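Q: Here you go, one structure.
There are 2 protein chains.
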Amino acid sequence: MAGKKALIVYAHQEPKSMNGSYKAVAVEELSKQGCSVTVSDLYEMQFEPRSTRKDIIGELYNPEQLNYGVEAFEAYKNGCLSEDLKEEHRKVIEAELVIFQFPLYWYSMPAILKGWMDRVLVQGFAFNIPKGSGSGLLKNKKALLSFTTGGNQAMYTKEGISGDISYVLWPMQFGILQFCGFDVLAPQICFAPEYAPLEERRQMLTSWEKRLKTIWEEKPIPCILE
Amino acid sequence: MAGKKALIVYAHQEPKSMNGSYKAVAVEELSKQGCSVTVSDLYEMQFEPRSTRKDIIGELYNPEQLNYGVEAFEAYKNGCLSEDLKEEHRKVIEAELVIFQFPLYWYSMPAILKGWMDRVLVQGFAFNIPKGSGSGLLKNKKALLSFTTGGNQAMYTKEGISGDISYVLWPMQFGILQFCGFDVLAPQICFAPEYAPLEERRQMLTSWEKRLKTIWEEKPIPCILE
Numbered sequence: 003m004a005g006k007k008a009l010i011v012y013a014h015q016e017p018k019s020m021n022g023s024y025k026a027v028a029v030e031e032l033s034k035q036g037c038s039v040t041v042s043d044l045y046e047m048q049f050e051p052r053s054t055r056k057d058i059i060g061e062l063y064n065p066e067q068l069n070y071g072v073e074a075f076e077a078y079k080n081g082c083l084s085e086d087l088k089e090e091h092r093k094v095i096e097a098e099l100v101i102f103q104f105p106l107y108w109y110s111m112p113a114i115l116k117g118w119m120d121r122v123l124v125q126g127f128a129f130n131i132p133k134g135s136g137s138g139l140l141k142n143k144k145a146l147l148s149f150t151t152g153g154n155q156a157m158y159t160k161e162g163i164s165g166d167i168s169y170v171l172w173p174m175q176f177g178i179l180q181f182c183g184f185d186v187l188a189p190q191i192c193f194a195p196e197y198a199p200l201e202e203r204r205q206m207l208t209s210w211e212k213r214l215k216t217i218w219e220e221k222p223i224p225c226i227l228e
Numbered sequence: 003m004a005g006k007k008a009l010i011v012y013a014h015q016e017p018k019s020m021n022g023s024y025k026a027v028a029v030e031e032l033s034k035q036g037c038s039v040t041v042s043d044l045y046e047m048q049f050e051p052r053s054t055r056k057d058i059i060g061e062l063y064n065p066e067q068l069n070y071g072v073e074a075f076e077a078y079k080n081g082c083l084s085e086d087l088k089e090e091h092r093k094v095i096e097a098e099l100v101i102f103q104f105p106l107y108w109y110s111m112p113a114i115l116k117g118w119m120d121r122v123l124v125q126g127f128a129f130n131i132p133k134g135s136g137s138g139l140l141k142n143k144k145a146l147l148s149f150t151t152g153g154n155q156a157m158y159t160k161e162g163i164s165g166d167i168s169y170v171l172w173p174m175q176f177g178i179l180q181f182c183g184f185d186v187l188a189p190q191i192c193f194a195p196e197y198a199p200l201e202e203r204r205q206m207l208t209s210w211e212k213r214l215k216t217i218w219e220e221k222p223i224p225c226i227l228e
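Respectively, the protein sequence lines represent chains A and B.
Numbering (this note's numbering) for the first sequence: 3 to 228.
Numbering (this note's numbering) for the second sequence: 3 to 228.
Here you go:
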């Protein structure tokens with residue numbers, strides 16, 4: 003939709019991968035709609051995943067004992083977070099839609115993306131305490147997990163050997179996105195692209211492209227365990 | 003138990019933290035038993051969480067398109083993984099008990115520890131394909147998640163605002179540890195130490211110390227959703 007702003011937080015090492023193609027399709031389709039699209043290409047940026055003392059510029063609130071959560075909260079309030087975090091904050095603030103594009107690693111996101119969550123979504127910026135379902139600060143923003151899996155769809159069912167996909171989604175969708183106030187859109191899951199024939203892979207991308215055409219009209223889903 | 007070998011994979015920035023104390027108690031108690039204890043202190047080691055090209059020494063199996071899983075598998079078989087990964091492999095091979103000590107970040111482990119999972123537990127070393135419940139290679143080893151939370155125990159129930167703790171455990175215990183063949187021991191969960199009075203914090207540590215005295219006799223738990 004013309005004038006809308008989207009951010010794609012992208013975590014894959016290889017542009018020629020299926021994840022790279024999903025990202026490219028999203029950039030192209032959203033741009034075609036007249037949206038302004040920003041990409042945080044985490045590997046390309048060599049994004050730092052580790053939460054450390056370096057994230058706080060200058061003196062610590064409590065130099066005697068490093069409590070990362072407390073220090074990040076104080077640093078956020080005082081404008082003393084490191085520049086890479088401020089930059090990600092600016093991108094998130096601007097965005098009306100955030101797409102996380104990644105391969106599923108160990109039933110979750112790759113460490114580089116988990117580090118984005120750990121370091122960018124700090125108290126004061128993304129949520130406040132007392133924690134609770136109403137404590138998210140990133141309101142009126144849509145968020146969507148788009149990822150590839152190793153296993154096929156049948157494996158990610160209650161009867162499958164990997165367990166239901168809703169169990170995998172829950173910590174990320176309920177635990178992070180909804181908690182931070184995002185309107186969570188249905189995930190875009192690309193099952194087992196490595197084992198799919200070329201034509202099927204093309205269809206997966208076409209289906210993503212098609213979905214993006216009406217993405218702005220989508221309503222949030224409930225983030226529950228099924 | 004005298005002669006046994008334990009590995010503690012520890013992910014906290016601050017030795018004076020509750021996590022630091024849990025780690026110290028484990029080192030002390032297990033050493034007292036005559037066990038040999040190794041610690042991978044991830045922040046101290048500046049452990050690299052990102053899965054990149056640098057993890058493979060020399061030529062890639064497919065230089066045209068980087069598929070990390072494939073490359074890590076090939077590199078493992080050919081002894082071409084980077085030295086930091088080989089070192090962690092040696093520690094895991096030796097260990098009969100692996101304790102993961104960390105603060106819960108966003109319903110999961112901190113990125114630095116997720117990176118340990120992503121990079122150390124590669125195909126060929128930790129599991130093989132066809133994937134399945136019988137595909138784990140790290141047999142006859144006990145593993146245990148020991149972590150602190152921000153929220154209290156009542157919050158991590160089906161009726162609580164954070165949802166049942168078993169939902170949080172599932173991707174880590176079922177998805178990673180059991181999949182790799184570990185005998186998963188009951189998690190050691192230290193709820194909301196930040197808000198606990200000193201005496202209560204002491205009791206938490208004493209209870210951990212007491213548990214460790216008979217840890218070698220413990221039987222694995224089923225990794226299921228409750």
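Glycine included, each C-beta is placed from N, C-alpha and C at the ideal position.
It should be emphasised that the depicted structure is a prediction, and the values quoted were computed from it without experimental measurement.
Got a sec? Which residues, its chain only, sit under 8 angstroms from I178 of chain B by beta carbon, not counting five neighbours each side?
A: These residues qualify, in order along the chain: M119, L123.
Q: At the 8 angstroms Cβ level, is A74 of chain B part of the contact set with chain A, yes or no?
A: So no, A74 of chain B is outside the interface.
Q: Between the C-alpha atoms of Q103 of chain A and Y24 of chain A, what's the straight-line distance to the nearest angstrom?
A: Roughly 8 angstroms between the two C-alpha positions.
Q: Report the neighbours of Q175 of chain B on chain A: residues whose CB is nearer than 7 angstroms to its CB, in chain order.
A: Result: empty, since nearest Cβ-Cβ is about 10 angstroms, beyond 7 angstroms.
Q: Can you round the beta-carbon distance between C182 of chain A and F149 of chain A to whole angstroms, since I take them to be within the 8 angstroms contact cut?
A: With 8 angstroms as the limit, C182 of chain A and F149 of chain A do not qualify as a contact, their Cβ atoms being about 18 angstroms apart.
Q: Is the Cβ-Cβ distance between E50 of chain A and Y63 of chain A less than 8 angstroms?
A: No, they are not a contact pair.
Q: Count the C-beta pairs between the region 154–172 of chain A and the region 190–210 of chain A that are closer than 8 angstroms, then say yes if the count reaches three, no if not.
A: Judged by Cβ distances under 8 angstroms, the region 154–172 of chain A makes contact with the region 190–210 of chain A, as three or more pairs qualify.
Q: Taking D43 of chain B as part of the beta strand (DSSP E), name the residues at either end of that continuous run.
A: Here the beta strand (DSSP E) through D43 of chain B covers 38–43.
Q: Could you check how far apart the C-beta atoms of Y109 of chain A and P173 of chain B are, in whole angstroms? I think they sit under 8 angstroms.
A: The pair is a contact, with the Cβ atoms about 4 angstroms apart (cut-off 8 angstroms).
Q: Closest Cβ-Cβ distance between M20 of chain B and chain A: below 8 angstroms?
A: It does not; no Cβ of chain A falls within 8 angstroms.
Q: Helix, strand or coil: how does DSSP classify D185 of chain A here?
A: In this structure, D185 of chain A counts as strand in the three-state DSSP scheme.
Q: Between E98 of chain A and K141 of chain A, is the Cβ-Cβ spacing less than 8 angstroms?
A: Not in contact: E98 of chain A and K141 of chain A (Cβ atoms no closer than 8 angstroms).
Q: List, in chain order, every chain B residue whose beta-carbon is nearer than 7 angstroms to that of P195 of chain A.
A: Per Cβ cutoff of 7 angstroms: no residues; P195 of chain A is ~11 angstroms from chain B at best.
Q: Per DSSP, K7 of chain A is paired with what?
A: In the DSSP output, where bridge partners are listed per residue, K7 of chain A has A:S38.
Q: In chain order, what residues of the same chain lie with their CB nearer than 8 angstroms to the CB of M3 of chain B, ignoring the 5 residues before and after it?
A: The answer, listed in chain order, is Q35, G36, C37, W218.
Q: Going by Cα to Cα distance, which pick from B:E85, B:N69, B:L146 is closest to Q230 of chain B?
A: In the structure displayed, chain B extends from 3 to 228; residue 230 of chain B sits before or after that span and is not available.
Q: Using a Cβ cut-off of 7 angstroms, which residues of the region 99–114 of chain A contact any Cβ in chain B, in chain order?
A: The region 99–114 of chain A vs chain B, Cβ under 7 angstroms: Y107, W108, Y109, S110, P112, A113, I114.
Q: Consider the Cβ of E15 of chain B: report whether some Cβ of chain A lies at a distance smaller than 8 angstroms.
A: Before going on, a small fix: residue 15 of chain B reads as Gln here, not Glu. Chain A contact via Cβ: present.
Q: Please list the partners that V170 of chain A has in chain C, where partner means a Cβ-to-Cβ separation under 8 angstroms.
A: The structure shown has no chain C; the protein chains it does contain are A and B.
Q: With H, G and I counted as helix, E and B as strand and the rest as coil, what does DSSP make of V170 of chain A?
A: Looking at V170 of chain A - three-state DSSP - the assignment turns out to be helix.
Q: What three-state label does DSSP hand G60 of chain B in the structure shown?
A: DSSP places G60 of chain B in coil when its eight states are reduced to three.
Q: Can you have a look at P65 of chain A and say buried or exposed, based on whether 16 or more other CB atoms are within 10 angstroms of its CB?
A: The residue in question, P65 of chain A, is exposed, as its Cβ has fewer than 16 Cβ neighbours within 10 Å.
Q: Buried or exposed: where does P112 of chain A fall if 16 or more other Cβ atoms within 10 Å of its Cβ makes it buried?
A: Buried.
Q: From which residue to which residue does the beta strand (DSSP E) around V100 of chain B run?
A: 99–105 is the extent of the beta strand (DSSP E) around V100 of chain B.
Q: From the DSSP output, which residues share a beta bridge with T150 of chain A?
A: T150 of chain A pairs with A:P105, A:C192.
Q: Might you give, ordered along the chain, the residues of its own chain that have their beta carbon closer than 6 angstroms to the beta carbon of D43 of chain B, omitting 5 neighbours on each side?
A: The residues are Y12.
Q: Could one say the Cβ of R52 of chain B lies closer than 8 angstroms to chain A's Cβ atoms, at least one of them?
A: Chain A contact via Cβ: present.
Q: Would the beta-carbon of L115 of chain B fall within 8 angstroms of that of Y169 of chain B?
A: In this structure, Y169 of chain B does not lie closer than 8 angstroms to L115 of chain B by Cβ.
Q: Could you check how far apart the C-beta atoms of H14 of chain B and G22 of chain B are, in whole angstroms? I think they sit under 8 angstroms.
A: The Cβ separation is near 6 angstroms, so the contact holds.
Q: Can a CB atom of chain A be found closer than 8 angstroms to the CB of Y70 of chain B?
A: At least one chain A Cβ lies under 8 angstroms of Y70 of chain B.
Q: Quick check on this structure: which residue in B:F127, B:A8, B:I223 has the alpha carbon closest to the alpha carbon of V41 of chain B?
A: Checked all of B:F127, B:A8, B:I223; the closest Cα to V41 of chain B is B:A8.
Q: Do P222 of chain B and L171 of chain B count as a contact pair if the criterion is CB distance below 8 angstroms?
A: No, they are not a contact pair.
Q: Would you mind telling me which residues of chain B sit closer than 7 angstroms to R203 of chain A, beta carbon to beta carbon, in chain order?
A: Ordered by position in chain B, no residue passes the 7 angstroms Cβ test against R203 of chain A, which lies about 13 angstroms from the chain.
Q: Counting only beta-carbon atoms, is M47 of chain A nearer than 8 angstroms to chain B?
A: No, no contact with chain B.
Q: Pick out whichever of A:E61, A:G162, A:I163, A:T151 has its Cα sitting closest to the Cα of P189 of chain A.
A: Ranking A:E61, A:G162, A:I163, A:T151 by Cα distance to P189 of chain A puts A:T151 first.
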